[in-house]
Structures are given as structure tokens and as C-alpha cells.
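Working notes, beginning with the structure itself.
Residue numbers (the numbering used here), protein chains in the order written: chain L, 121 to 633; chain C, 343 to 612.
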């Protein structure tokens with residue numbers, strides 16, 4: 121647990137980013153919801169429509185809502201030009217604002233509907249104009265209830281803002297996602313503690329304001345508001361002036377250990393060459409490719425098989441070299457993305473089983489699996505069963521499993537060990553294949569494509585000689601054994617556990633870099 | 343207590359303060375007020391009596407335009423009320439109603455002073471104290487919040503608020519309906535007294551015929567949206583005003599007779 125106290129002080133900039141994002145989203149939601157609530161109070165149609173729309177938004181999982189803004193903003197570039205950011209602050213702000221609308225709107229509408237009709241009649245009777253009635257009577261009387269809605273919205277938003285990590289906006293979700301992928305529980309707990317602490321602090325501060333409003337205790341209202349304002353100001357100041365003249369090189373990482381390690385390896389070389397570097401960790405796999413093409417991120421490691429199936433939409437398998445050459449040309453032609461080269465190892469999909477289980481069933485290859493599959497459970501990462509690789513294997517062999525289950529990549533091996541899955545979709549660069557003494561099933565039909573790791577540069581830095589010079593030595597330098605070792609060092613649970621940065625240093629040393 | 347009616351049908355007055363001209367109020371299919379015509383002279387204390395749903399409250403609210411008539415018009419001082427700016431009109435017409443409607447987030451003083459404040463005038467504390475004394479409240483209550491007051495005190499504040507702007511006309515909608523009988527009687531007398539001393543014109547809606555007979559000098563009776571009687575209290579008790587008015591008047595009369603009978607020694611209970 122000591123580790124948590126060591127991590128927490130280092131989360132200052134994530135906290136500042138988290139506060140700035142959450143506060144902006146709640147502020148924007150208030151700007152939209154409060155006038156809308158006034159309108160809704162005068163028109164039942166508007167009231168019903170606004171509340172149903174806000175409720176509808178709540179039914180979309182926050183993670184999906186955040187991810188949906190990426191394609192939306194990308195398509196809006198046709199209108200607003202290429203300068204429109206598609207990742208990071210803007211989509212996170214928009215998604216969280218939508219999310220914060222409902223509690224504010226609902227409380228404001230309910231508060232208005234429940235105002236004493238006698239008081240409203242008196243307001244008209246003493247000769248108030250509509251505006252005076254709103255500002256002198258309705259708003260002050262509804263304020264405590266509206267504040268309660270803002271409190272709910274704040275707690276939700278601060279919680280959901282951790283998910284902004286997946287679309288490249290720094291937040292307290294960064295340590296949580298990084299920790300989850302590398303099984304660094306101290307990191308996960310530190311991130312959770314920080315965001316829960318922030319949510320509690322906000323909740324209590326806003327409670328003070330709410331009580332101040334309902335008891336008409338001005339010192340509480342204004343005292344609470346002053347502390348909130350100070351907190352937000354400190355966060356914005358901690359963020360630094362927005363729009364720094366020179367943008368750092370942004371390195372993307374998908375949500376698994378190998379990506380974190382390689383990102384740190386690339387980053388350290390660029391830093392050594394004098395570049396400012398920023399990491400966008402924990403991005404969704406689908407987001408990374410588009411983000412790179414739009415220069416929202418500058419450097420990413422992707423895999424030939426992934427690009428082949430998902431972006432070239434090819435289902436054939438022309439062989440490793442032809443695949444690489446086709447992809448390299450296609451990326452430059454279609455996206456302006458420069459494929460600098462292959463790192464040297466493959467992270468292919470493979471099917472793995474425990475040796476004892478495979479022996480008992482008499483299985484050594486995918487072909488052997490066909491007969492027993494209906495009695496077995498197959499585990500895959502969350503996207504695996506939607507991927508063309510799975511469909512290719514399934515159709516090539518006519519495989520039909522009794523049950524399919526999704527696991528986070530790091531948990532798949534645990535599932536295999538505990539018997540919750542009989543077969544898993546493993547990755548060939550994964551250290552646990554060797555560590556757990558797993559059997560990788562042969563692929564006699566050649567249904568699984570190759571997965572050479574590619575180092576890719578965004579159009580923005582595709583011609584940057586300094587970046588290319590710093591990264592060129594990585595091409596062909598990283599063998600599958602070295603990568604497995606590094607991955608295992610990050611994934612393992614015992615004393616040998618390393619952070620991605622430490623693992624990257626060891627990987628660099630062992631690879632002669 | 344009964345007073346000589348000013349002028350029976352008010353026809354001799356050069357200009358009525360308030361004139362209803364064929365006022366009609368429809369809410370969809372329902373006709374709440376169906377063509378009421380009537381003049382109210384300056385200085386009169388008029389009670390508007392009727393059963394629930396007879397349209398008396400709706401008619402009253404056309405005066406300060408809380409309800410807009412769907413037909414006919416209401417003249418206040420010779421001007422059609424719908425042509426006057428509502429906010430300005432309502433400052434000239436003091437309004438007291440059963441719900442009282444004190445602003446819970448305003449102190450007593452702020453509640454009393456709200457009308458003048460809206461007109462851009464801040465009432466000095468002496469004027470607030472004077473208004474509170476008018477309705478027999480301790481001026482020390484000025485700093486209290488409404489929820490610290492009793493129901494009777496609150497309605498007194500409501501009356502003080504209605505008087506604060508120096509209105510020409512005081513309209514009251516079941517003003518004492520929610521009060522206990524003692525408070526109700528005391529406040530009724532107080533309002534009648536203020537009506538005299540301040541030279542007000544007052545229109546009071548009530549469903550209580552006894553209250554109407556005892557406080558007003560002219561009683562209008564409404565039934566199903568129409569004006570069915572218009573008489574001085576004494577005349578009404580003498581049997582004028584038609585069947586609806588007589589039915590309403592019979593209730594307090596019989597109650598009084600039964601009470602009187604109980605006080606007569608030897609009389610058996612009815």
C-alpha cells in the first residue's frame with residue numbers, strides 16, 4: 121500500500137486536467153440546462169422532449185458516448201476544416217456535457233413544477249413582470265433543488281471523466297487504465313482514490329452551497345462558491361496556458377502492456393533527441409488508426425494483420441512480405457501515414473490451451489479442435505469475436521464452440537488457468553505463453569494472417585528528419601523473445617514486476633539500443 | 343355594524359371606479375363567467391358571494407388581469423384593464439387571497455415592501471412599521487421570515503403588502519378562508535375599519551354569506567357564471583335578491599336562530 125502514497129503526489133497534472141475537464145462540462149451543461157428548464161417550465165412539450173432526450177443520453181454507456189464523438193467530429197471536419205480536434209478535450213467535453221444534462225435539467229424542471237402556486241400567484245398579483253418573477257421568486261426558491269441536481273451531475277461527471285482517457289484526454293483515468301492493463305493495482309487504486317476523493321470533495325463543497333441557499337446563509341453560499349472557484353482556477357493554472365506554441369510529439373498506446381512499453385521506448389528515444397513528448401495511453405484500438413491519420417496522435421505501433429483486415433478490408437492472405445509492402449504503400453497513398461518499418465517481432469493471434477487439457481483431449485492443432493469444440497469454452501479479448509481473424513479461422517476449419525466468453529487481455533490467462541476457458545485467443549508476443557507453459561495450436565490451413573509490428577508516423581511528422589533519425593534504429597531491432605520478456609515483466613504479479621518504463625529500458629538494453 | 347348602502351344601484355355616481363361590461367370567461371367548453379355587467383362606485387365595500395364554481399373568483403381576477411376575459415371588458419377608472427401594463431395596473435390594485443402567497447425567502451419587511459420596490463421605491467423602515475401597525479402587528483416582526491409567523495399573522499402581512507403601494511382598489515379572494523373563526527372575525531373587522539380610514543374601494547369574494555352580510559355594504563350573488571342578485575345586506579335579509587341569494591342567506595340565519603334557541607332557558611334542542 122506504500123506504493124499508492126508514492127504514486128498520488130505524481131498525479132497532480134492528471135488531477136488538474138480532470139478538474140478542468142469536469143468543471144468545463146458541468147459549466148457548459150448548466151448553461152444549456154438552466155435556460156432549457158425555464159423554457160420547459162412554460163411549455164409541457166419542450167419539457168417532455170428535453171427530458172426524454174436527456175434520459176436517452178443516459179442509456180448510452182459513457183464509454184461508447186465518448187468514443188462516438190470521434191467519428192462525429194471527424195465527419196464535421198468537412199464543415200469546420202482540418203483544424204477541428206477529434207480527440208482529447210473537445211470530444212470529452214461534449215460527451216460529458218451531454219451526460220451532465222439530465223440531473224441538472226430534471227431537478228430544475230421538478231423544482232419549478234413544485235413551486236407553491238400561491239407564491240407564483242402573489243408574484244403576479246404584486247405586479248412582477250415575467251423576468252422579475254423569474255429572478256426574484258422562481259430562481260431563488262428553486263436554487264437549492266437545482267444545486268442538488270448540479271451536485272449529482274458533478275459526482276457523475278467526475279466519475280465518467282476517468283473514461284476520457286480512452287479518447288486521448290489526460291485525466292485520472294490514465295493511471296487507472298494503465299494500471300488495469302499492466303496489473304499494477306497500486307496504480308489503479310491511486311487513480312480511483314484520487315477521482316473518488318475529488319468527487320467527494322466536490323459533492324461536499326456543493327452541499328455547503330446547497331445548504332447555504334436553502335437556509336439563506338450567505339456566508340455558506342458564497343464561501344462554498346469561493347472555494348469551488350479557487351479549485352477550478354488552480355486546476356486551470358496547473359494546466360498551463362492553453363495552446364502552447366510548439367506541440368509535443370504525441371505517442372499513442374492501445375490498451376495492453378506491449379503498447380505501453382513500446383510507447384515509453386519510443387518516447388525515451390525522442391526525449392533523448394530533444395523532443396517534447398506526450399503520451400495518449402489506453403486509446404481504443406479502432407481510435408488509434410484514425411487518430412494517426414488525422415495527426416491527432418503522431419506515433420503509433422500497429423500490426424499488419426490488423427490493418428489488413430480492418431482498414432484494407434482484405435480477407436485473403438498473400439503472405440507476410442506482400443502484406444507488408446501493400447500496407448506500407450496504401451498507408452502513404454490513402455492517409456499520408458508513413459510506415460517507418462517493422463520493429464522485428466510479430467504479435468499474431470494464436471490459439472492456446474493448457475498442456476494437460478490439450479493432452480487429455482488429444483488436441484495439437486486447430487484441425488484437431490473441430491471435433492471437441494462444441495464441448496469447450498473459448499475466451500477472447502473484447503473485440504476478438506467480431507474480428508475478421510476469428511471469422512477466417514472459424515470458417516476455414518468449421519469451428520463451433522459450445523460457449524464464447526470475453527475477457528480483458530490480461531485476464532484471459534487467469535481464465536485459462538482456472539478452467540473458465542478451455543481455449544483462448546493468445547498473442548504470440550505474450551510472455552505468459554512461455555511462463556504458463558501453454559500449448560500454441562498449429563494452424564495447418566494458414567488461416568491466421570501475420571502481425572508484424574509496424575512503427576507508424578502521422579502526416580504531421582512524416583517528413584521530420586529528426587524524429588526519423590531518432591527512431592530508425594528501432595527498425596528490425598526488437599525480437600519476439602525480448603518483447604515477450606518485457607511484456608511478462610509488466611504483466612507478472614511477483615517481485616519481478618516492472619513498470620512499462622522500466623521494462624522499456626531493459627528492452628532497449630537487451631535489443632542493443 | 344350594518345351600514346346604510348351608499349347608493350342602491352350606483353347609477354347616480356358620475357363615474358364608477360370599476361365597471362364590468364358583459365364580461366365572459368370561457369375555459370374551453372366551460373363557461374366560468376357568462377356575461378356579467380355591473381358598476382362599482384368609489385368608496386364601496388362590495389362582497390361577491392356564491393357557491394364553489396359560481397365564477398366569482400374568475401370574475402375578480404379579470405380586474406387585475408390574472409385572468410383575461412374571452413368577451414366583454416373591464417374598465418378601471420374608465421380605462422380597459424387589458425390596455426394597461428399589467429405590472430403598473432397591479433400596483434394600483436391591492437390583492438389579498440386565501441393562499442396568502444408570502445415570499446418565503448423574503449423577510450416580513452421585504453414582503454410588505456415588494457410592490458413599491460418593483461416600482462423603484464424603497465419603503466423606509468418607518469413606513470413598514472406603520473403598515474404593520476395598521477394591521478395590528480408588532481413592528482418588531484419586520485425582520486422575521488414568513489415561516490416564523492402564525493397563519494393569522496401571515497394574512498395580516500398579506501393585507502399590509504396589499505396596502506403598501508397606496509392602492510385605489512383592494513380586491514380580496516377568500517382572504518380569511520384558511521383562518522380560525524376568532525382570527526377570521528378580528529381580521530374581517532380590521533379590514534372593514536381600514537377600508538373606512540383609508541378611503542378604499544373594496545371588492546371581496548367569499549362563499550360565506552354571514553361574512554358578506556356583516557362586512558359589506560353591497561352584496562352581489564353569483565350562480566353558474568351569472569349575477570343573480572345585487573342588494574344591500576339589509577334588503578337581502580329582508581327577502582330581496584331572489585331564490586339563490588335567499589338560500590345562501592338562510593344558512594347563517596338558521597344557525598343564529600338555533601344558537602339563540604339554545605340560550606333560551608328551558609328550550610329543547612332542535
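Idealized CB from N, CA, C, for every residue including glycine.
This one's a predicted model, so the numbers in the text were calculated from it and none came from an experiment.
Under 7 Å between beta-carbons, which chain L residues line up against residue i? List them in chain order, please.
| i | result |
| --- | --- |
| residue 457 of chain C | 246, 247 |
| residue 397 of chain C | Here the premise fails: no neighbours, minimum Cβ distance about 18 Å. |
| residue 624 of chain C | There is no way to answer for residue 624 of chain C, as the model of chain C reaches only from 343 to 612. |
| residue 498 of chain C | Neighbours of residue 498 of chain C on chain L: none; closest Cβ ~15 Å, over 7 Å. |
| residue 469 of chain C | Within chain L, no residue comes near residue 469 of chain C; the closest Cβ sits about 16 Å away, beyond 7 Å. |
Looking only at its chain, what residues have a beta carbon closer than 6 Å to the beta carbon of residue i, apart from the 5 residues adjacent to it on each side?
| i | result |
| --- | --- |
| residue 285 of chain L | 291, 293, 294, 297, 402 |
| residue 289 of chain L | 208, 209, 212 |
| residue 471 of chain C | 481 |
| residue 168 of chain L | none |
| residue 678 of chain L | For chain L, the structure presents residues 121 to 633; residue 678 of chain L sits outside this window and is missing. |
By the criterion of Cβ-Cβ separation under 7 Å, what are the contact partners of residue i in chain C?
| i | result |
| --- | --- |
| residue 375 of chain L | In chain order: nothing, as chain C lies at least about 51 Å away. |
| residue 252 of chain L | 460 |
| residue 257 of chain L | 445 |
Closer than 9 Å by beta-carbon distance: list the chain C residues that pair up with residue i, in chain order.
| i | result |
| --- | --- |
| residue 261 of chain L | 445, 446, 447 |
| residue 387 of chain L | None at all; the shortest Cβ gap to chain C is about 57 Å. |
| residue 238 of chain L | 439, 440, 441, 442, 443, 444 |
How would you call residue i, buried or exposed, if buried means at least 16 neighbouring beta carbons within 10 angstroms?
| i | result |
| --- | --- |
| residue 428 of chain L | buried |
| residue 362 of chain L | Caution applies to residue 362 of chain L, whose pLDDT of 47 falls short of 50 and renders its modelled position unreliable; the model cannot decide the point. |
| residue 565 of chain C | buried |
| residue 597 of chain C | exposed |
| residue 510 of chain L | buried |
| residue 535 of chain C | exposed |
| residue 422 of chain L | buried |
| residue 357 of chain C | exposed |
| residue 538 of chain C | exposed |
| residue 517 of chain C | buried |
| residue 614 of chain L | exposed |
| residue 607 of chain L | buried |
| residue 141 of chain L | buried |
| residue 258 of chain L | buried |
| residue 577 of chain L | buried |
| residue 567 of chain C | buried |
| residue 466 of chain C | exposed |
| residue 388 of chain C | buried |
| residue 200 of chain L | exposed |
| residue 532 of chain L | buried |
Near residue i, what residues of its chain come up, given a Cβ to Cβ distance below 7 Å and the 5 sequence neighbours on each side ignored?
| i | result |
| --- | --- |
| residue 364 of chain L | Because the pLDDT at residue 364 of chain L is just 45, under 50, the model does not fix this residue reliably, and the value given afterwards should be weighed accordingly. Contacts found: none. |
| residue 445 of chain L | none |
| residue 494 of chain C | 521, 525, 529 |
| residue 379 of chain L | 373, 421 |
| residue 183 of chain L | 283, 286 |
Consider the C-beta atom of residue i and the heavy atoms of the ligand SAH; say whether any pair is separated by less than 7 Å.
| i | result |
| --- | --- |
| residue 519 of chain L | Summarising the ligand content, the structure contains no ligands, and the ligand SAH is consequently not present. |
Enumerate in chain order the residues of its own chain whose CB-to-CB distance from residue i is below 8 Å, with the five nearest sequence positions on each side excluded.
| i | result |
| --- | --- |
| residue 244 of chain L | 253 |
| residue 308 of chain L | 295, 296, 299, 300 |
| residue 394 of chain C | 549 |
Could you work out which residues of chain C lie near residue i, taking near to mean beta carbons separated by less than 8 Å?
| i | result |
| --- | --- |
| residue 241 of chain L | 408, 439, 441, 443 |
Run through chain L and tell me which residues come within less than 9 Å of residue i, C-beta to C-beta.
| i | result |
| --- | --- |
| residue 433 of chain C | 246, 247 |
What residues from chain B crowd round residue i, counting only those whose CB sits closer than 7 Å?
| i | result |
| --- | --- |
| residue 336 of chain L | Going by chain labels, chain B is absent from the structure shown, which instead holds the protein chains L and C. |
Which residues in chain L sit within 8 Å of residue i, going by Cβ to Cβ distance?
| i | result |
| --- | --- |
| residue 580 of chain C | In chain order: nothing, as chain L lies at least about 36 Å away. |
If you pair each beta-carbon of the segment 222-238 of chain L with each one of the segment 183-202 of chain L, do three or more pairs fall below 8 Å? Verdict: no, contact absent.
- Item | Given 8 Å, three or more beta-carbon pairs between the segment 448-460 of chain L and the segment 512-526 of chain L | Contact check between the segment 448-460 of chain L and the segment 512-526 of chain L: fewer than three CB pairs, one atom from each, fall below 8 Å, which does not count as touching.
Margin query: What ranges does the alpha helix (DSSP H) occupy inside the segment 200-274 of chain L, keeping only unbroken runs of at least 4 residues that lie completely in it?
Written below: If we require 4 residues or more, the alpha helix (DSSP H) runs fully inside the segment 200-274 of chain L come out as 209-233, 237-245.
inquiry  = Quick check for students: name the residue ranges of the beta strand (DSSP E) that lie wholly in the segment 515-557 of chain C, counting only runs of 3 or more.
reply    = Taking only runs of at least 3 residues, the beta strand (DSSP E) segments lying wholly in the segment 515-557 of chain C are 543-548.
Self-check item: Touch test, the segment 588-603 of chain L against the segment 379-394 of chain L, Cβ-Cβ under 8 Å, three pairs minimum
Solution: Contact between the segment 588-603 of chain L and the segment 379-394 of chain L is present, because at least three Cβ pairs lie under 8 Å.
**Study point:** 4 or more residues per run - each alpha helix (DSSP H) lying fully within the segment 372-446 of chain L
**Key:** The segment 372-446 of chain L contains these whole alpha helix (DSSP H) runs: 377-392, 405-413, 424-430.
Would the segment 471-481 of chain L count as touching the segment 552-561 of chain L if we require 3 or more Cβ pairs under 8 Å? Flag = yes, the segment 471-481 of chain L and the segment 552-561 of chain L touch.
Starting from the N-terminal side, write out each stretch of the beta strand (DSSP E) that is 3 residues or longer and does not extend beyond the segment 552-609 of chain C. Correct list: 560-565, 568-573.
(Q) Under 8 Å: do the segment 430-446 of chain L and the segment 537-556 of chain L share three or more Cβ pairs, one atom per stretch? (A) They do not touch, by the three-pair rule.
_Across the segment 401-416 of chain L and the segment 305-325 of chain L, are there enough close Cβ pairs to call them in contact, namely three or more that are closer than 8 Å?_
In short, these stretches do not touch, since the Cβ pair count stays below three.
Notebook entry, point to check: Should the segment 271-286 of chain L be regarded as contacting the segment 473-492 of chain C, the criterion being three or more beta carbon pairs within less than 8 Å?
Noted result: Verdict: no, contact absent.
The segment 125-139 of chain L touching the segment 329-341 of chain L, judged by at least three CB pairs closer than 8 Å
No, because fewer than three Cβ pairs between the segment 125-139 of chain L and the segment 329-341 of chain L fall closer than 8 Å, the two stretches do not touch.
Enumerate, from N- to C-terminal direction, the unbroken beta strand (DSSP E) stretches of 3 or more residues contained entirely within the segment 391-474 of chain C. Listed in chain order, they are 413-418, 435-439.
Length at least 3, wholly inside the segment 578-629 of chain L: the beta strand (DSSP E) runs in chain order: Taking only runs of at least 3 residues, no beta strand (DSSP E) segment lies wholly in the segment 578-629 of chain L.
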